[in-house]
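Undergrad: Here the numbering used here is used: position 21 in the sequence shown is 179, and no number is missing along the way.
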Amino acid sequence: MSCQYNFLFLFLCGFAALTVSVKTCGKEILEGTSCTIKLITKNSEKPDEIEWYHLTSDTIVLLWKRGKIKKVAEGVSKEEDGSLTFKSVSLKDTGKYKYKAFNNDGTEIGTGEEEIQVYIKAPKPTVTFDCDADSNATLTCDTGNRTDLTLFWYIDTIVQNETNPQMFLTFTQIQKNQTYSCSVSNPVSNEQSESIPVLCHTGHTGPTGPTEPTGYDPGPDTEVSGSKFNFMVSILAGGGAFLLLLSVLIICACRSCRQQKKHQQDEGELSDSFYQNRSRTEHSGNISLQMTT
């Protein structure tokens, strides 16, 4: 039974460690994040009444009085200390929040304001280009019609000052055989496109005039932005270390369980052997006694 309890304890510890804790809301938050706006009172006094307001939309978010919630908006909840927790922030949650806290005699013991800005994750852009009859090219960074992003162009791995979604290349620039990519970002995320070469060939003159040069069709995505890669590595490294530790604990618990069972089995076998030897001794004694008689 003790082994079963040990295994259950390790399982519960592992589940608790893997559970993502709710963090304090920052000024800039990624859509879908769970976070909490802290409520602070004088001398950490426990409030008897709490009021939360969304000043930007002039609405009541939460009213709590004497252990009962009088009103609460969808998607939020109250923590034990009166703090306001968002289950999953969305764009509508952007704005200023204000709270007031009172003790049981109606005296205000805390008030404060906090502002948050919610952003949608930046999309991964794609780069395409079109060639004209003079073998010049116009590159386009497609961001899915998002206008809330900061854009930069890269030639090879060098960032450019160009922030326009389109960039013009002359035939001479194209001959340098460089690669081109663009990146988009907001305060909480960033993404970079695949790097592509630009190939424009001079059109051949035919019966109907110069042929139309063709653009480059980028292949499958093969690159990952540095920040995203580092984030993935950090998550995998942390998860791997935890799983390794959990595995060691489980192995130790199972080994202890097996040793305990073996010890019990050895004691049982020793006891059986003792009684068998004793039985044989008594039986031999009886026979000797009978023969003497």
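Note that the Cβ used here is the ideal one computed from N, Cα and C, for glycine as well.
Do residue 223 and residue 267 count as a contact pair if the criterion is CB distance below 7 Å?
TA: As a first step, residue 267 is located in the sequence shown; it is residue number 109 there, counting from the start. As a first step, residue 223 is located in the sequence shown; it is residue number 65 there, counting from the start. No, Cβ-Cβ distance for residue 267 and residue 223 is not below 7 Å.
Undergrad: Are there 16 or more other CB atoms within 10 angstroms of the CB of residue 187, so buried, or fewer, so exposed?
TA: Position 29 of the sequence shown, counted from the first residue, corresponds to residue 187. Label assigned to residue 187: buried.
Undergrad: Considering only their Cβ atoms, is the gap separating residue 205 from residue 280 smaller than 7 Å?
TA: Working through the sequence shown from its first residue, we reach residue 280 at position 122. Working through the sequence shown from its first residue, we reach residue 205 at position 47. In this structure, residue 205 does not lie closer than 7 Å to residue 280 by Cβ.
Undergrad: Give me, in chain order, the residues of the same chain whose beta-carbon lies closer than 8 Å to that of residue 194; leave out the 5 immediate sequence neighbours on both sides.
TA: Counted from its first residue, the sequence shown places residue 194 at position 36. Taken in chain order, the residues that qualify are 180, 181, 182, 183, 237, 241, 242, 243 and 244.
Undergrad: Can you find a C-beta in chain B that's less than 7 Å from the C-beta of residue 246?
TA: Absent from the structure: chain B. Only one protein chain is present.
Undergrad: Return the chain-ordered list of same chain residues with a C-beta closer than 6 Å to the C-beta of residue 213, the five sequence neighbours on each side being excluded.
TA: Here residue 213 corresponds to residue number 55 of the sequence shown, with the count starting at 1. Cβ neighbours of residue 213 beyond the five flanking positions: 254 and 256.
Undergrad: According to DSSP, simplified to helix, strand and coil, what is residue 245?
TA: Locating residue 245 in the sequence shown gives position 87, where the first residue counts as 1. DSSP places residue 245 in coil when its eight states are reduced to three.
Undergrad: Is residue 313 helix, strand or coil by DSSP?
TA: Indexing the sequence shown from 1 puts residue 313 at position 155. It is a strand residue.
Undergrad: How is residue 409 classed by DSSP in three states: helix, strand or coil?
TA: Here residue 409 refers to the residue found at position 251 when the sequence shown is read from its first residue. Looking at residue 409 - three-state DSSP - the assignment turns out to be helix.
Undergrad: Kindly indicate which three-state DSSP category residue 414 falls into: helix, strand or coil?
TA: Mapped onto the sequence shown, residue 414 falls at position 256. Three-state DSSP puts residue 414 in a helix.
Undergrad: State yes or no: is the C-beta of residue 358 within less than 7 Å of the C-beta of residue 332?
TA: Here residue 358 corresponds to residue number 200 of the sequence shown, with the count starting at 1. Here residue 332 corresponds to residue number 174 of the sequence shown, with the count starting at 1. Yes, these two residues count as a Cβ contact at 7 Å.
Undergrad: Any idea what DSSP makes of residue 254, helix, strand or coil?
TA: The sequence position of residue 254 within the sequence shown is 96, counting from 1. Correct three-state label for residue 254: strand.
Undergrad: Which residues mark the beginning and the end of the beta strand (DSSP E) in which residue 275 is found?
TA: Position 117 of the sequence shown, counted from the first residue, corresponds to residue 275. Note, residue 275: beta strand (DSSP E), 266-277.
Undergrad: I believe residue 189 touches residue 278 by the beta-carbon criterion, under 8 Å. Please report the beta-carbon distance rounded to the nearest angstrom.
TA: For this step, residue 189 is matched to residue 31 along the sequence shown. For this step, residue 278 is matched to residue 120 along the sequence shown. The pair is a contact, with the Cβ atoms about 5 Å apart (cut-off 8 Å).
Undergrad: Would residue 209 be called buried (16 or more neighbouring beta carbons within 10 Å of its own) or exposed?
TA: Indexing the sequence shown from 1 puts residue 209 at position 51. Buried is the call here.
Undergrad: Take the Cβ of residue 249 as the centre, count every other Cβ of all protein chains shown within 10 Å, and call the residue buried at 16 or more, exposed below.
TA: The residue given as residue 249 occupies position 91 in the sequence shown. Looking at its Cβ environment, which holds fewer than 16 other Cβ atoms inside 10 Å, residue 249 is exposed.
Undergrad: Considering only the beta carbon of each residue, do residue 252 and residue 276 sit closer than 7 Å?
TA: Stepping through the sequence shown from its first residue, residue 252 is reached at position 94. Stepping through the sequence shown from its first residue, residue 276 is reached at position 118. Taking 7 Å as the Cβ cut-off, residue 252 and residue 276 qualify as a contacting pair.
Undergrad: Which residues in the same chain as residue 269 place their Cβ atom closer than 8 Å to its Cβ, once the five residues preceding and following it in sequence are excluded?
TA: In the sequence shown, residue 269 corresponds to position 111, counting from 1. Around residue 269: 256, 257, 258 and 259.
Undergrad: In terms of residues, what are the limits of the beta strand (DSSP E) holding residue 152?
TA: Given that the chain is displayed from residue 159 to residue 451, the structure contains no residue 152 and the question cannot be resolved.
Undergrad: Put residue 202 into one of helix, strand or coil per three-state DSSP.
TA: Position 44 of the sequence shown, counted from the first residue, corresponds to residue 202. If DSSP states are grouped into helix, strand and coil, residue 202 belongs with the helices.
Undergrad: According to the Cβ coordinates, are residue 308 and residue 283 closer than 7 Å?
TA: Along the sequence shown, read from residue 1 onward, the residue named residue 308 stands at position 150. Along the sequence shown, read from residue 1 onward, the residue named residue 283 stands at position 125. Cβ atoms of residue 308 and residue 283: not closer than 7 Å.
Undergrad: The beta strand (DSSP E) spanning residue 350 covers which residue range?
TA: Here residue 350 refers to the residue found at position 192 of the sequence shown. Note, residue 350: beta strand (DSSP E), 347-350.
Undergrad: Tell me whether residue 324 sits in a helix, a strand or coil according to DSSP, three-state version.
TA: Taking the sequence shown and counting its residues from 1, the one referred to as residue 324 is at position 166. Note: residue 324 maps to strand in three-state DSSP.
Undergrad: Please classify residue 217: does DSSP put it in a helix, a strand, or coil?
TA: Taking the first residue of the sequence shown as 1, we reach residue 217 at position 59. Of the three classes helix, strand and coil, the one that applies to residue 217 here is strand, per DSSP.
Undergrad: Residue 330 by DSSP, collapsed to three states: which one?
TA: On the sequence shown, residue 330 is found 172 positions in, with the first residue counted as 1. In this structure, residue 330 counts as helix in the three-state DSSP scheme.
Undergrad: Consult DSSP for residue 226 and reduce its assignment to one of helix, strand or coil.
TA: Your numbering for residue 226 matches position 68 in the sequence shown. Residue 226: strand per DSSP, three-state reduction.
Undergrad: Sort out for me which residues DSSP pairs residue 282 with in a bridge.
TA: On the sequence shown, position 124 is the one that residue 282 refers to. According to DSSP, which records beta bridges pairwise, residue 282 is partnered with nothing at all.
Undergrad: Spatial neighbours of residue 220 within its chain, please: CB distance less than 8 Å, with the 5 preceding and 5 following residues excluded, ordered by chain position.
TA: Locating residue 220 in the sequence shown gives position 62, where the first residue counts as 1. Closer than 8 Å at the Cβ level, and outside the excluded window around residue 220, lie 208, 209, 210, 227, 229, 230, 231, 234, 236 and 242.
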